[in-house]
Amino acid sequence: MSADRTSPESLPRVGVFICECGDKISGVVDVEELCRCAARLPGVVHAVHEPYPCSRDGMLRMQHAIEELNLERVLVAGCAPRLVEKLFRRVARTVNLEAGYLNIANIREGAAYIHAADPEAALNKALTILEMSVARLTTTHAARVHTGQVTRAALILGSGLSGLTAALALAEQGIPVTVVEPAEQAGENLPDLSASTRELTRERLQTALNHPRIKILTRARLTAVQGHPGEYEAWVQQRGQTSIVTAGAIIVANVAHPKSLGSSHWFDRSRVKTQVEFEQELVNAAESGTPSGFDRVVMIFCAEEAQRQRCSRVCCATGIRQALRVKKLNPNAEITVLFRDLYLGAPGSPHEADLLQARKQGITFFRYRRDHPPVIGNDTVDVLDTLTGEPVCLPFERVVMTMPLVPEDDTRSLAALLGLPQDEDGFLAEPRVRLRPGRYVDPGIYVLGSAQHPADTTEALFQAYLTSARAVRFLNQENILVDTPVAEIDATLCTGCGNCPQVCPTYAIALERRDGILSVSEVDALRCIGCGNCVVVCPVKAITLPGWDNVEIPAQISAALMPENFKPGEPHILVLACEWSAAGAAELAGSRRADLPENAVLLRMNCSARFDPYHILWAFLQGADGVLLGACPPGECHYGMGNLYARERVEVLKKELSAHGMDPRRLRLEFLSVADGLLFARIVNEFMEELEGRMTDRGQMPTGVKIPVRRESPSTPFPA
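Heads up: the sequence shown runs through residues 738 to 1457, numbered per my numbering.
In structure tokens:
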């Protein structure tokens, strides 16, 4: 059945295509009536229902309807957007329709499944969902397409084994590479002291020095970085002179180094050495052939409290190899290894073989407790026997302490230059944006090896090959294309307050000078991932996000909260759900046929970072008795920390509501994963019961002012 009408000139021409989904939707929802109601919505000029719009014939009919009726917006009402959105957007591209002008409304899980026993409720909920979707389509504007060039060159910071390996891998693919090394000589700073690793590093360094596509700058450091993914300009200072290196990708491969023991200790530093210092003693003893001081050696693994909290991964293997070398130099040596835990890699690894050999040669391994670490005296190392509880005194001529590996001294400034986060120990972390492919641009900045955590040789090589493959794939692009929504700033409204750069998870916003007193914020479209956090914090609403701006969201809220959409006498609940968590949980609840209240309406949001207090207040003004917010669990936000910002804003808003005489319990924030379908249903039902209980106690719910919105008129816009 089809219905056509002429839309007012002020509204775009909208076409609604309702999927029957066999009988999964039409078996519950009266699609004939739904189609008639859809045709009467503002802006709708074409409404039709058919068995499967996602079939080849269905998509062809949709394509012809768009072309023949000159449709400017398209709404497909059927199953979950994550299942079919990509499919229908291909249809939109064939008729030159902007991707943002096609919307998917989920009336299967959102209406037919959850109200399977009540067709009237299912029809009413499906119509509400259509009204919200049409309100969004008639107020939205398309995202602009952004492009960027890719410079086919790489900059590598650090010339350790992982950095040299990555440089050679890139150079072999025809990519010019510049290696920046702060030390006097390349390839010197190594966390792994083994002879095989040093030899391998020397071989790769020699190959890199002779490679025509690799340029190594020693005694150099990075001082500034500008540009965007695919086209960076790096200022490198070398021996007092500054040069600019242009690169499409930047790889951070700085190595970690052992923490210095220092000289402010009570013990004799001539007899107590670090692993690095002891390595040099072993080399000297091997060259001279006259080892001294090696008769009684005590090695203390995890010698510092900080190292007992985080394993440095290479210390155990290095210490065992040093003990074997002492035995080789002096077979009669008494060697005791004090350890808390031994990290030797996977079973069957070469490090495990070294351990077995050390035990065969009489090297003693003695475990100590975390709360009773070894104490170095004048002539003995005192340690508590974990089995007997008795103290043990170990005489020594040499004590070897393993010190924790720490980042390079300039790591903090490097993190600021490249916009990289640091962990609690100061190591760099490569941001992981867990979005669907095509929803973001790879920044082209990679962290590998001991720059992000202490790595042994095997792991450093694996990371180097993996990272170089990622970088090659990125640099082989002719250009970068972004057609997903990114934040847009109206320079005429921006006051340069600086709020937005502080909350951007990808450092995509920067303040730029302009004529006059105030600066202006500018968005790097190739860095922006469209979380919407900046839109919320802008005090003058100068920032918009296509698809999620301050007109579309309130228009959907107004459409969702029309009085005729709700069953009389029951609370009205609006659910703002992050599409990566709560919205997915709602879909799962629908697929499980969970029982959900008829008076609960869900609005899918792009991220909890976009939960705007103004939108919540607008929902209360429109008549919502309760607003439920669904966000990702802490630490699992796909955009970084959007859920934490949401929690902070909700806490502040609750205090404001309470101060102005509103019950703060009407606003609720829940953390859900996409797998929490039944939990989502239980939370919504509990929230409904709580609101009903307060209505019973007080006679009615103390709602805000209700602003009626008629179906025949466009949705009320959000006040500026």
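Using N, Cα and C, we set each Cβ at its ideal position, and we do this for glycine too.
Cβ contact annotation for Leu1198 (same chain, cutoff 8 Å, sequence separation greater than five): Leu898, Ser899 and Thr902, in chain order. Taking the CA atoms as reference points, Thr877 sits about 58 Å from Pro1084. When secondary structure is reduced to three states using DSSP, Glu804 falls in the helix class.
By the Cβ rule, the stretch 1312–1325 counts as touching the stretch 1362–1377, because three or more pairs are nearer than 8 Å. Taking 3 residues as the minimum length, the beta strand (DSSP E) runs contained wholly in the stretch 1014–1094 are 1033–1037 and 1071–1076, in order along the chain. Put simply, of Cys758, Ser1328, Leu1255 and Phe1408 the residue whose alpha carbon is nearest the alpha carbon of Tyr850 is Ser1328.
Pairing Glu868 with His801, the inter-Cα distance amounts to about 24 Å.
Taken in chain order, the complete beta strand (DSSP E) segments of 3 or more residues contained in the stretch 1296–1373 are 1310–1315, 1337–1342 and 1363–1368. Secondary structure of Met1138 (DSSP, three-state): strand.
Contact between Asn1270 and Gly1379 is confirmed by a C-beta separation of about 6 Å, below the 8 Å threshold. Judged by their CB atoms, Phe1133 and Arg1008 are nearer to each other than the 9 Å cut-off. Across the set Asn1021, Gly964 and Gln1239, the C-alpha of Gly964 shows the shortest separation from the C-alpha of Thr888.
About 14 Å separates the CB atoms of Val916 and Ala1188; that is not less than 8 Å, and the two are not in contact. Boundaries of the beta strand (DSSP E) harbouring Val785: Val781 to Glu787, taken from the DSSP string. For Cys756, the beta-bridge partners assigned by DSSP are Glu787. Excluding five sequence positions before and after Leu1298, the CB atoms of its chain that fall closer than 7 Å to its own CB belong to His1309, Leu1311, Ala1356, Gln1359, Gly1360 and Ala1361, given in chain order. Here Trp1003 is exposed, its C-beta having fewer than 16 other C-beta atoms within 10 Å. Below 8 Å, enough C-beta pairs join the stretch 747–762 and the stretch 796–813 to call them touching: three or more. For the set Thr1123, Ile951 and Thr960, the Cα lying nearest the Cα of His1109 is the one of Thr1123. Apart from sequence neighbours up to five positions away, the residues of its chain that approach Ala1022 with a beta-carbon distance below 8 Å are Pro1028, Ser1029, Phe1031 and Leu1066, ordered along the chain. Here the alpha carbons of Cys791 and Cys756 stand approximately 8 Å from one another.
Our two residues, Met1425 and Pro1334, have alpha carbons roughly 8 Å apart in a direct line.
In the DSSP assignment, Ile953 is bridged to Val916. Counting C-beta pairs with one atom in each stretch, the stretch 1139–1149 and the stretch 1158–1177 have three or more that are closer than 8 Å, which means they touch. Rounded to the nearest angstrom, the gap between the Cα atoms of Asp1220 and Leu1415 is 35 Å. In terms of Cβ geometry, Ile1100 and Ile1072 form a close pair [threshold 9 Å].
Put simply, the stretch 1244–1256 does not touch the stretch 1284–1298. Fewer than three CB pairs are less than 8 Å apart. Assignment of alpha helix (DSSP H) within the stretch 1121–1201, counting only whole runs of 4 or more residues, yields 1148–1155 in chain order. Of the candidates Leu937, Arg935 and Ala945, the residue whose Cα lies closest to the Cα of Ala908 is Ala945. According to the DSSP secondary-structure assignment, Val811 is paired through a beta bridge with Gly752 and Leu839. The criterion of a C-beta distance shorter than 9 Å is satisfied by Arg1347 and Leu1282. Straight across, the Cα-Cα distance linking Gly977 with Thr983 is about 19 Å. With a 10 Å radius around the Cβ and a threshold of 16 neighbouring Cβ atoms, Ser1345 comes out buried.
Non-local beta-carbon contacts of Arg1135 in its own chain, meaning distances under 7 Å to residues more than five positions away in sequence, involve Arg1008, Lys1010, Gly1030, Phe1031 and Val1034 in chain order. A straight-line Cα-Cα distance of about 22 Å links Asp1413 and Val1387. One thing to note: Ala879 has its Cβ within 9 Å of the Cβ of Gly837.
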